[in-house]
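Asks: Sequence positions in the sequence shown follow UniProt numbering and run 1 to 211.
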Amino acid sequence: MSVTLKAVKREDHARSTTRKLREGGQVPAVVYGKEKESKSIAVDSIELIKTVRDEGRNAIISLDIANDTPVDVMLHDYQLDAVKDELVHADFYIVNMAEEMDVAVAVRLEGEPTGVKDGGVLQQALYEVQVRAKPNQIPEEITVDISALDTGDILTVADLPKAANYEILDDTESTVVTILTPTTNDDVEGIDNEQGEPELVGEAQTERNED
């Protein structure tokens, strides 16, 4: 099931026109796909952000382009203004609902490990995995229960939940989570400093000229 997002065609690519679009709450964007002609469009910034937050990064979006035929797309990439923290451009990829595609899917940990309760430190090495599935069968996230993990235990890609409608492409031996036993306070601080969670798939980049 897809969610609808309204869009308008963008004919004028002048910098002044693009700036006015952004000032009016619109985001200039491009729609493209395999053997498909690319189109320049604009969508409402708030509506796009709301759609991604409510439906997930891999949501199927029915792009309702004014005076044109709606198309099923996924948000492929986006750029942010690093200073204003505002959307400045978006790329939408036209999907074929009958064909499998490869996308990044977040890994969500559930539960408090036994080893952490006993003083161990959780270290997550992998925050997302590559998944192959048809567009309408892509999981929003892959959840794994880590409650039973004890100090010294390692959870790998092979331990992640399986499903018939998607395939995880990462090396099965890749480490997802480790429960470590720190020996000194310095070890604890070092581990904590290494655990910064990365930004979403298709990392937001600083503004680049897409006019």
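No residue lacks a Cβ here, since even glycine has one placed at the ideal position from N, Cα and C.
Would you report the Cα separation of ARG132 and ALA106, rounded to the nearest angstrom?
Replies: Within the sequence shown, the letter at position 132 stands for residue 132. Within the sequence shown, the letter at position 106 stands for residue 106. Each residue's Cα considered, the two are about 13 Å apart.
Asks: Inspect the beta-carbon positions of ALA59 and VAL8 and report whether they are closer than 8 Å.
Replies: For this step, residue 59 is matched to residue 59 along the sequence shown. For this step, residue 8 is matched to residue 8 along the sequence shown. No, the pair does not count as a contact, with Cβ atoms beyond the cut-off.
Asks: Between LEU75 and ILE65, which are expected to be in contact by the criterion C-beta below 8 Å, what is the C-beta distance as a whole number of angstroms?
Replies: In the sequence shown, the residue the question calls residue 75 occupies position 75. In the sequence shown, the residue the question calls residue 65 occupies position 65. The Cβ separation is near 15 Å, so there is no contact.
Asks: Should THR18 be labelled buried (16 or more other beta-carbon atoms within 10 Å of its own) or exposed?
Replies: As a position in the sequence shown, residue 18 is number 18, starting the count at 1. Buried, since its Cβ has 16 or more Cβ neighbours within 10 Å.
Asks: Please classify GLU55: does DSSP put it in a helix, a strand, or coil?
Replies: Stepping through the sequence shown from its first residue, residue 55 is reached at position 55. Residue state, collapsed to three classes: helix.
Asks: Hey, would you say VAL27 sits closer than 8 Å to ALA90, going by beta carbons?
Replies: Counted from its first residue, the sequence shown places residue 27 at position 27. Counted from its first residue, the sequence shown places residue 90 at position 90. Cβ atoms of VAL27 and ALA90: closer than 8 Å.
Asks: Hey, could you find the ends of the beta strand (DSSP E) GLY33 is sitting in?
Replies: Your numbering for residue 33 matches position 33 in the sequence shown. Note, GLY33: beta strand (DSSP E), 26-33.
Asks: Could you tell me the boundaries of the alpha helix (DSSP H) in which THR156 lies?
Replies: Here residue 156 corresponds to residue number 156 of the sequence shown, with the count starting at 1. Unbroken run through THR156 is the beta strand (DSSP E), 154-156; no alpha helix (DSSP H).
Asks: Three or more C-beta pairs closer than 8 Å, one from the segment 76-85 and one from the segment 104-120: is that the case here?
Replies: No: fewer than three Cβ pairs fall under 8 Å.
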